[in-house]
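One gets our numbering by counting positions in the sequence shown from 1 and adding 181 to each.
Here's the structure, in structure tokens; my notes come after.
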Amino acid sequence: KVDKYISGLPDNIYGNVMSTRPKTLDETIELANDLMDQKLRTYIERQNENKKKADDNQQ
């Protein structure tokens, strides 16, 4: 079940999950969710920074 679950993850998340070698499906899901949340937070922060830079350049 673990292998089937992680096979559907994006490559960078897949690699991070595989490197920790989770033993249970619950551990795998929790780790993948944490990594995806972190990825989304980073993406949003970058978008906000880019928007701020664009707004600053227009003034």
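Virtual Cβ for every residue (Gly too), placed ideally from N, Cα, C.
Proximity test, Cβ basis, 8 Å: E230 and chain D
Among the protein chains of the structure shown there is no chain D, as only one such chain exists.
Kindly indicate the opening and closing residues of the alpha helix (DSSP H) around T201.
Looking up residue 201 in the sequence shown gives position 20. If you look at T201, you'll find it in the alpha helix (DSSP H) that goes 192-201.
Given a threshold of 16 other Cβ atoms within 10 Å of its Cβ, counted over all protein chains shown, does A235 qualify as buried or as exposed?
Residue numbering aside, residue 235 sits at position 54 when the sequence shown is read from its first letter. Around the beta carbon of A235, fewer than 16 other beta carbons lie within 10 angstroms, which makes this residue exposed.
Alpha carbon to alpha carbon, how far is S188 from L206?
Counted from its first residue, the sequence shown places residue 188 at position 7. Counted from its first residue, the sequence shown places residue 206 at position 25. Here the alpha carbons of L206 and S188 stand approximately 13 Å from one another.
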